[in-house]
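As structure tokens, the structure follows; a few thoughts come after it.
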Amino acid sequence: METKLALNKRIYHQRFLLLMALPAVVWMIIFNYIPMYGVIIAFQNYRIIKPIIGQPFVGFEHFVELFTSGDFGNVMKNTLGISFLRLFIGFPLPIIFAIFLNEIKSISFKRFIQTVSYLPHFLSWAVLGGIMVNWLSDVGFINELLMNMGFISEPVFYLAEPDMFWGIAVFSDIWKELGWGAIIYLAAIAGINPSLYEAATVDGCNRFHKMIHITLPSIAPTISIFLILAISGMLNTNFEQILVLRNSLNQSASDVIDVFVYRTGMIAGRYSYAQAIGLFKSVVALILLGGANKITQKTSGHSLY
Amino acid sequence: MNKYKKKIEAFPIVNTVLMVFLAFITLYPIWYTIVLAFNDASDAALGGIYWWPREFSLESFQKVFEEDVIIQAFTISVLRTVIGTVTAILFTAMTAYAWSKKHLIGRNIYLALGTFTMFFNGGLIPGFINLKNLGLLDTFWVYIIPTMFNFFNLIIFTSFFRSIPESLEESAYIDGAHEGIIFTRIILPLSGPVLATISLFHGVWHWNDFFMGVIYVNNRDLEPIQTYLYRIITSGSVNTQMSATPAAVRSNAVNSTSLRLATMIVVTFPIVCVYPFLQKYFVQGMTVGSVKG
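Heads up: the sequence lines are chains F and D, in that order. Every letter in the first sequence is one number past the one before it in my numbering, and letter 88, counting from 1, is 70. Add 116 to a position in the second sequence, counting from 1, and you land on the number used in my numbering.
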């Protein structure tokens, strides 16, 4: 009925509702959309003292400098290296953990394991970074243990070794998020119709047959969606984590895109140059999102949109 | 055949052992940190403590609470967590209520604008410039205003509001109440569980965030405790942890290590306190969010 009224009458009718609805629109314009306009500083020689409008345009100058400098190759190598490790190790582990945890018959034991596994997710990277720095220092737990066991004779300061940085970053990320990542798969497994398992038991399937032929296919849609999200976020390394674990000695392995933007833009003040790689990252993320969505749609029939 | 049968029976045992091992490697680093923090600092530096404090001491914690900077940072964290969570939850819930009304003028535009923000953003530097132009840098409000609205939380609110029977609102409407009254008097009181879930999540996020304090705030008086912790961890990690340092530097390192450990425990304590409550809600919250999102 309301749709037949003139617009001004509808606005009057909805005045309270609109008063509740519109502040968020204004908020989004200010905090989400105006910064999106700000990406054009990648094509300018931006100086922070003046407004974005009216600053000189320099075209692709910063991109040319970026792609021809040595920075780009190293930053991409680190970003992709850490991301691929996370994708190949960090992505399947929560699924495997969820499937195995589901096989635990005792409810209270299962709940205990779950409760414990979520805990690190709720600790900050500042705290976990503190734990890592502590364990991995030359007088830390790892050195003490390995030296007591006779595996090494000299203490190693692990966070100063660029060769170990990727592994440390990936492992600590798994340690923090394994249990949390499994929640969604556990929920999906809980939703599987039990009669499927009963039928399989009658057909003579053992536990592993059931895992592979019932559990896995049943949670495949969930896996696909999270895989698309993981792939589209490939250039997003865990910024907070790397900020905590990086130092001047491991910089050659810890300089990922986000850190590079922070370092050259916010610290060195080269806003336009840093934004050029930021924009490059957004464009690649968009392509990855579209691509991953297409591929999973074609191969499994599941997609995000 | 016999061998096959044996393997099946072994599985639950192997699985249980695996799970216990996982729980152990998850908990032990945290436990080890607690043990070290409660041990006398110079004794702890000798090593060899694994399960229980050797020389129990509260000195490290005493040092933490003697530092004015830490007390100040703790206060900032409490303030930003409380104010930030309340404003964000009320603002997002109010918006979700209005946007969930099918007849709202321009509804599809608002939802499209919101969805777009889930996938695209300007990035670190344009965001920083924007906050600078708004005059929010180096103010307390930089923690509150830019985090006031969250589209993902809005989706969770919306799906909850849909489960409230429409007849309740209609009867109030007929009695002459406008949407503002319906929202505050009917919808909010009915939304206890979802408000609690999202508040806990948002609150934990605010408490744990150190990033905003690093990027947007130079004034040490406005630094949250996590940013303080981040700073003492990263500043100490190279200089004081290298071997072959003089004795004076070494004892300095012992002191800074014990202060760091105690601060880590103090910072985590509030999280551990709310964890049992969180536990109750988050599985539900996670599933709703991801199924609808």
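Beta carbons are placed, not taken as given, at the ideal position from N, Cα and C, and that holds for glycine. These numbers come from a predicted model, not from an experiment.
- Within 7 Å of the CB of residue 112 of chain F, the CB atoms of chain D belong to 345, 349, 376 and 380, in sequence order along the chain.
- Under the Cβ criterion of 7 Å, residue 328 of chain D is not counted among the residues facing chain F.
- Straight across, the Cα-Cα distance linking residue 223 of chain D with residue 203 of chain F is about 30 Å.
- Taking all protein chains shown into account, residue 240 of chain F has 16 or more neighbouring C-beta atoms within 10 Å of its C-beta and is therefore buried.
- Setting aside the 5 residues that flank it on each side, residue 253 of chain D is surrounded in the same chain by 247 and 332, each with a C-beta closer than 7 Å to its C-beta; the list follows chain order.
- Between the alpha carbons of residue 375 of chain D and residue 209 of chain D lies a distance of about 41 Å.
- When the Cα atoms are used, residue 226 of chain F and residue 81 of chain F turn out to be separated by approximately 32 Å.
- The Cβ atoms of residue 274 of chain F and residue 210 of chain F lie closer than 7 Å to each other.
- Secondary structure at residue 155 of chain D: strand, using DSSP grouped into helix, strand and coil.
- The contact set of residue 294 of chain D on chain F, defined by CB atoms closer than 7 Å, consists of -2 in chain order.
- Within the DSSP secondary-structure output, residue 39 of chain F pairs in a beta bridge with F:26.
- Residues of chain D whose Cβ lies closer than 8 Å to the Cβ of residue 126 of chain F are, in chain order, 163 and 164.
- For residue 247 of chain F, the C-beta contacts it makes with chain D under 9 Å involve 240, 241 and 244, in order along the chain.
- With the rule of 3 Cβ pairs closer than 8 Å, the region 92 to 102 of chain F counts as touching the region 132 to 139 of chain D.
- Counting other Cβ atoms within 10 Å of its Cβ, residue 325 of chain D reaches 16 or more and is therefore classed as buried.
- By the C-beta criterion, the region 389 to 397 of chain D is judged not to be in contact with the region 172 to 192 of chain D, since fewer than 3 inter-stretch pairs fall below 8 Å.
- The beta-carbon distance between residue 229 of chain F and residue 168 of chain F, rounded to whole angstroms, is 37 Å. This is too long to meet the 8 Å contact definition.
- Residue ranges of uninterrupted alpha helix (DSSP H) with 4 or more members, entirely inside the region 225 to 265 of chain D and ordered along the chain, are 240 to 249 and 257 to 260.
- For the 7 Å CB-CB criterion, residue -2 of chain F and residue 219 of chain D do not form a contact.
- Taking 7 Å as the CB threshold, residue 277 of chain D stays off the interface with chain F.
- Burial state of residue 99 of chain F is buried, judged by a 10 Å Cβ sphere holding 16 or more other Cβ atoms.
- Residue 166 of chain D and residue 156 of chain D have their C-alpha atoms spaced approximately 14 Å apart.
- Interface annotation for the region 95 to 107 of chain F against chain D: 95, 96, 97, 98, 99, 100, 101, 102, 104, 105, 106 and 107, criterion Cβ-Cβ distance under 9 Å.
- Residues of chain D with a Cβ closer than 8 Å to the Cβ of residue 222 of chain F are, in chain order, 326 and 327.
- When DSSP states are grouped into helix, strand and coil, residue 326 of chain D belongs to the coil group.
- Rounded to whole angstroms, residue 198 of chain D and residue 145 of chain F show a C-alpha spacing of 42 Å.
- With a cut-off of 8 Å on Cβ pairs, the region 269 to 280 of chain D is in contact with the region 299 to 318 of chain D, counting three or more such pairs.
- Of the candidates F:266, F:142, F:159 and F:249, F:249 places its Cα closest to the Cα of residue 241 of chain D.
- Proximity of chain F to residue 320 of chain D at the Cβ level (cut-off 7 Å) is accounted for by 104, in chain order.
- Around the beta carbon of residue 119 of chain F, 16 or more other beta carbons lie within 10 angstroms, which makes this residue buried.
- A check of alpha carbon separations from residue 145 of chain D across D:389, D:377 and D:382 identifies D:377 as the nearest.
- When Cβ pairs closer than 8 Å are counted between the two stretches, the region 62 to 73 of chain F is seen not to touch the region 277 to 285 of chain F, the count staying below three.
- Taking C-beta atoms under 8 Å as the contact rule, residue -7 of chain F and residue 221 of chain D qualify, at a distance of about 6 Å.
- Spanning the alpha carbons of residue 303 of chain D and residue 316 of chain D requires a straight line of approximately 19 Å.
- Against chain F, the beta carbon of residue 383 of chain D has neighbours under 8 Å at 106, 108 and 109, listed in chain order.
- In the DSSP assignment, residue 168 of chain F falls within the alpha helix (DSSP H) that extends over 144 to 172.
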